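One structure is given here, and the rest of the page talks about it.
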Amino acid sequence: MPRSADTRRTRRLLASLAFCMLLIAILTLASAVVKPGRNGIDGQGGSAWTTYRELPSGSVDVLFLGNSHVFVGVDPAEVWRTRGIPSFVLGGPTQQLKLTRFYLAEALKTQRPKVVALELSSIAYGETHFNREFQQINVGYMPLSAEKLKAAFLSTPPSERAGVLVDLWTYHGRWSSLTKRDFDLLGKNRGGEFLNGFLPKRGAVEVTPTASPMPEDVRARADAALTYNLPYLREIAGICEDADAELLLFLTPTGPPNAYSYQLEKVEAVLGSEFDNVRTLDLSEPGSVPGLSFTTDFIDGGHLTYTGAAKMSAALATALGDEYALPDRRSESGDRTAWWTSVLAKHDAYLRSFGSATGD
Amino acid sequence: MQFTSLEYLLFLGLSVAVYFALPGPRTRTLGLLAASYTFYFSLSARWTLALISITAIGYAFGLAIAASGAGAPVPRKTKRLLALGIVLVAGALFYFKYAAFSAGLLNSGLALAGVSWRSPALAIALPVGISFWTFQSIAYLVDVAKGTVPPERNPLRYALFIAFFPQVTAGPIARAGQLLPQLAEKRPFDFERMRSALVLMAWGFFKKLVVADPLGVVVRTVFSKPHEFGDNGIVLAGAAVAFAVQIYCDFSGYTDLARGAARLLGIDLMPNFARPYAARSIKEFWRRWHMTLMSWLKDYVYIPLGGSRVSKWRRYGNILAVFLFSGLWHGAGLTFIVWGLVNGLYQVLGELLAPARARVLALVRITRDSALHHALQVITTFGLATIAWVFFRAESLADALYILPRMFWLDPRPLLSGGIPDLGLAKAQLLVTAVAVVVVFGLEYLSARRDLTALLYRQHVAVRWIVYYAAALAILIFGYYGPMSTAADFAYFKF
Chain A
1 MPRSADTRRT
11 RRLLASLAFC
21 MLLIAILTLA
31 SAVVKPGRNG
41 IDGQGGSAWT
51 TYRELPSGSV
61 DVLFLGNSHV
71 FVGVDPAEVW
81 RTRGIPSFVL
91 GGPTQQLKLT
101 RFYLAEALKT
111 QRPKVVALEL
121 SSIAYGETHF
131 NREFQQINVG
141 YMPLSAEKLK
151 AAFLSTPPSE
161 RAGVLVDLWT
171 YHGRWSSLTK
181 RDFDLLGKNR
191 GGEFLNGFLP
201 KRGAVEVTPT
211 ASPMPEDVRA
221 RADAALTYNL
231 PYLREIAGIC
241 EDADAELLLF
251 LTPTGPPNAY
261 SYQLEKVEAV
271 LGSEFDNVRT
281 LDLSEPGSVP
291 GLSFTTDFID
301 GGHLTYTGAA
311 KMSAALATAL
321 GDEYALPDRR
331 SESGDRTAWW
341 TSVLAKHDAY
351 LRSFGSATGD
Chain B
1001 MQFTSLEYLL
1011 FLGLSVAVYF
1021 ALPGPRTRTL
1031 GLLAASYTFY
1041 FSLSARWTLA
1051 LISITAIGYA
1061 FGLAIAASGA
1071 GAPVPRKTKR
1081 LLALGIVLVA
1091 GALFYFKYAA
1101 FSAGLLNSGL
1111 ALAGVSWRSP
1121 ALAIALPVGI
1131 SFWTFQSIAY
1141 LVDVAKGTVP
1151 PERNPLRYAL
1161 FIAFFPQVTA
1171 GPIARAGQLL
1181 PQLAEKRPFD
1191 FERMRSALVL
1201 MAWGFFKKLV
1211 VADPLGVVVR
1221 TVFSKPHEFG
1231 DNGIVLAGAA
1241 VAFAVQIYCD
1251 FSGYTDLARG
1261 AARLLGIDLM
1271 PNFARPYAAR
1281 SIKEFWRRWH
1291 MTLMSWLKDY
1301 VYIPLGGSRV
1311 SKWRRYGNIL
1321 AVFLFSGLWH
1331 GAGLTFIVWG
1341 LVNGLYQVLG
1351 ELLAPARARV
1361 LALVRITRDS
1371 ALHHALQVIT
1381 TFGLATIAWV
1391 FFRAESLADA
1401 LYILPRMFWL
1411 DPRPLLSGGI
1421 PDLGLAKAQL
1431 LVTAVAVVVV
1441 FGLEYLSARR
1451 DLTALLYRQH
1461 VAVRWIVYYA
1471 AALAILIFGY
1481 YGPMSTAADF
1491 AYFKF
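In order, the protein sequence lines correspond to chains A and B.
Under the numbering used here, residues 1 to 360 are what the first sequence spells out, in order.
Under the numbering used here, residues 1001 to 1495 are what the second sequence spells out, in order.
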């Protein structure tokens, strides 16, 4: 081949590569613009990865995982206030356990929690349970990593994979409603750091818990969901074991009767015999959260108002401190205590501005 | 795996990479055939066997026809073999596409005649693209019988000719003489060809995602419930015009994607469109619209019927027969039959009324070559095509007959009093779509006068890249796709 043709071919190849790289950069930028910000406030719950990944290493003694029950029900500020335990909530809306295992693996890359506390109501989700919008949040907001790819390919139906992996695919339709804030690429995901993954809720409704025997069909569905989810729970317990972390499977308080407690007991029986690091805590048992009101502390049968969350988080912190002998970090001097003091101030100010728990 | 899915783009990229990595024509044929069957299997797994069966029939009969003595005049024995081959291939098409429709018609006829017996109801799924690959097979058999193309002796190459993935779902309907020789050659990697292929595909994506699919939402909103818009002739007329644009951008967009994908692999497929809405008569429109189908109908239906070398009234009959056939090819339904007949009638009446039109022109002193006359012809042709499209798109003949008279009653009062009704799209998206329509027809108008791609390639690299990036962003941002959309498949996939 003549030298000039060879040179031309090389130049074209390099130009094509440059073109593709610039195209990827432009599309990445466009994706970042159209993707909604997720700053932990403004009513957006779950997948608080931006805040989590900016925490200094060693900042989290307890990592809370699960579905909306956890990010609406657990308030890390109250956990700190009660027992001086630094914690973070990394739940996701309607998050299935087969996805939570990838959340855990990714979360352990930057923090070494002593306890992983998994709220277990997601064990009710069976094989067919899927919500596209929530999956886009759960997987779409994960940092780009092998765990995100696993979450996309192993916990997302094939038809929905593009939606959770390619932001432009999912969010390009927002072009007509973009605001100035959408172009603030550095700031749009910030603002709610002081909540540490917690989503305060108001608008209490009265719920009426009733004790009644579990119907057979509910029991059958609960057993089927349990069988479906057990392999994922084993995987989660194994990941914790490898990371030298305890796994606490717990339940937040709920209103109407449901199968969660039944499932928790079954899980305890199975995993307790297989793993040394697994314990359970059922805060849905009547009276296990002091002062909890079925009039002012629930927004529906399963989710707490921020006042309910404060009471539940205090009870949870007490149990965690007692069960695992976690150190009270409030007595330590240094940046962490100062940081949490500042977090508490912002948290309390925010909740004061937030209004009454019973308001709309 | 639709052409607009990420999976398809990954599949296409991988296919192109593997194709050029393979050493010779034989391995490339094998590689492309494997890719083509993989693609078809992903679309229509249960009917891949039907595709393979039709391929086997075409291959065997091609060889048998050639062995029996092909060439003009076609020997009697060859004619018998050809007829049997056509019956087998067309029989498959009839079974899958028309058996249920025929049973329904039979039952209606029996009911009218007072006969109590009924044919059992049939529910037969249609293999994707069957209308296209059966026509391609029939054309091959006829061409072999006539001796215009040699029979393909390599079974893998023949199978690839039928199943070639860029065109297996909706054409363009290839001719053996045009495609088979290309499949036999080893095409070297060519940068210019790649670039032109990607530009063609980008244009196809623009037409499909930025124009056809959003317009499809508006069209679906109106045509699925025409009675809700019965007092709003402007909306009905607008929806009819929107469908005329949608079907063009959908099918020509698909064709650009198919031709672009083939071009990436070094293969040229025949064009299907030549600015049909710039046509000055319905006859010209059909020379510019779905050109591979119309040339197939001309060569394998119209000419065998006698073509133009028969009496005037027989010729009119042939025209009507061809368009009736075209309507039936598009779908087994009364709306498609009427659509075909209306287009045939347009042409017959167009010829019959030619002297009257000439007298009117002379009376109003409009010369034939004037811009005004051209404009009137283009507008009239577009209007007539749009009226016919109402039959094509309507969900029933009754719906079409409901829409047609009302779409001419352009009373602005419902719009003035109630504003634009909810047509399924946000106003901003409607506005962008309108601008995109202007871009599509504007660029096509300009491209008829100047080679726009050649003009683009002559520009400085920075200008070219800016154009490419702007096009990519326009498609990806303004396109109607992804989880927020309710976009449909390509319209012609169902044929």
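Positions of the beta carbon are idealized from the N, C-alpha and C atoms, including for glycine.
Just so it is clear, the structure is predicted and the values come from calculations on it, not from any experiment.
With H, G and I counted as helix, E and B as strand and the rest as coil, what does DSSP make of Leu186(A)? coil
Shorter than 8 Å, the distance from the beta carbon of Glu147(A) to the closest heavy atom of the ligand SAH, or not? In terms of ligand content, the structure shown is empty, and the ligand SAH therefore cannot be addressed.
Could you check the C-alpha separation between Lys1077(B) and Gly1062(B) for me, to the nearest Å? 13 Å
Restricting to Cα atoms, I'd like to know which of Ser4(A), Lys188(A), Thr51(A) and Ala204(A) is closest to Ser293(A). Ala204(A)
Comparing the C-beta of Leu27(A) with each C-beta of chain B, is any distance below 9 Å? yes
Who are Leu118(A)'s beta bridge partners in DSSP? Leu65(A) and Leu249(A)
Verify the CB distance criterion: does Leu1215(B) have a CB-CB separation below 9 Å to chain A? no
Leu23(A) touches chain C at which residues, Cβ-Cβ below 7 Å? Although the question refers to chain C, the structure presented lacks it and instead comprises the protein chains A and B.
Reduced DSSP secondary structure (H/G/I, E/B, other) of Thr128(A): coil
Neighbour flag for Ile1303(B) against chain A, beta carbons, 9 Å: no
Give a yes or no on whether 9 Å exceeds the smallest Cβ distance from Gln1429(B) to chain A. yes
Should Thr295(A) be labelled buried (16 or more other beta-carbon atoms within 10 Å of its own) or exposed? exposed
Pairwise C-alpha distance: Asp328(A) and Val278(A): 22 Å
Closer than 7 Å at the beta carbon, the chain B residues around Ala162(A): Leu1006
When Ile1162(B), Tyr1254(B) and Ala1123(B) are compared against Ala1103(B), the one with the closest alpha-carbon: Ala1123(B)
Nearest CA to the CA of Ala1092(B): which residue from Val1074(B), Leu1363(B) and Ala1125(B)? Ala1125(B)
Collapsed DSSP secondary structure at Val89(A) in the structure displayed: strand
Of the residues Ala1197(B), Arg1365(B) and Val1222(B), which one's Cα is nearest the Cα of Glu1395(B)? Val1222(B)
Please say whether Leu1352(B) and Leu1320(B) have beta carbons closer to each other than 9 Å? no
With distances taken Cα to Cα, identify the nearest neighbour of Phe1408(B) among Gly1238(B), Trp1286(B) and Arg1450(B). Gly1238(B)
Using only the alpha-carbon positions, how far apart do Met1(A) and Tyr1468(B) sit? Residue placement at Met1(A) is poorly supported in this model, since its pLDDT is 49, which falls under 50; the coordinates still yield a value, given next. Cα to Cα, Met1(A) sits roughly 31 Å from Tyr1468(B).
Could you give the C-beta distance for Ala1258(B) and Gln1182(B), rounded to a whole number, given that I count them as a contact under 8 Å? Not a contact, Cβ separation roughly 14 Å.
Test: Ser155(A) CB closer than 9 Å to a CB of chain B: no
For Asp1250(B), does the three-state DSSP call read helix, strand or coil? helix
If the cut is a Cβ gap below 8 Å, which residues of chain A does Leu986(B) touch? The question about residue 986(B) has no answer here: the residues shown for chain B are numbered 1001 through 1495.
Against chain B: residues of the segment 171 to 194 of chain A by CB proximity under 9 Å: Tyr171, His172, Gly173, Arg174, Trp175, Ser176 and Ser177
Which term fits Met1201(B), buried or exposed, when burial requires 16 or more other beta carbons within 10 angstroms of its beta carbon? buried
For a contact meaning CB atoms closer than 8 Å, what does Phe134(A) contact in chain B? Here the premise fails: no neighbours, minimum Cβ distance about 12 Å.
Express the C-alpha separation of Tyr1098(B) and Glu147(A) in angstroms, rounding to a whole number. 50 Å
Is the beta carbon of Val1211(B) less than 9 Å from the beta carbon of Val1245(B)? yes
At least one CB of chain A closer than 9 Å to the CB of Gly1482(B): is that the case? yes
Measuring only the C-alpha atoms, how far is Asn131(A) from Glu265(A)? 27 Å
Using 8 Å as the cut-off, can you tell me whether the segment 1259 to 1278 of chain B makes contact with the segment 1315 to 1334 of chain B, which would need three or more C-beta pairs spanning the two stretches below that distance? no
Can you tell me where the beta strand (DSSP E) holding Thr280(A) begins and where it ends? Val278 to Asp282
Considering just the uninterrupted stretch of the alpha helix (DSSP H) at Ala1212(B), what are its terminal residues? Per DSSP, Ala1212(B) belongs to no alpha helix (DSSP H) and is neither H nor E.
Residues of the segment 1180 to 1204 of chain B with a CB closer than 8 Å to any CB of chain A: list them in chain order, please. Phe1191
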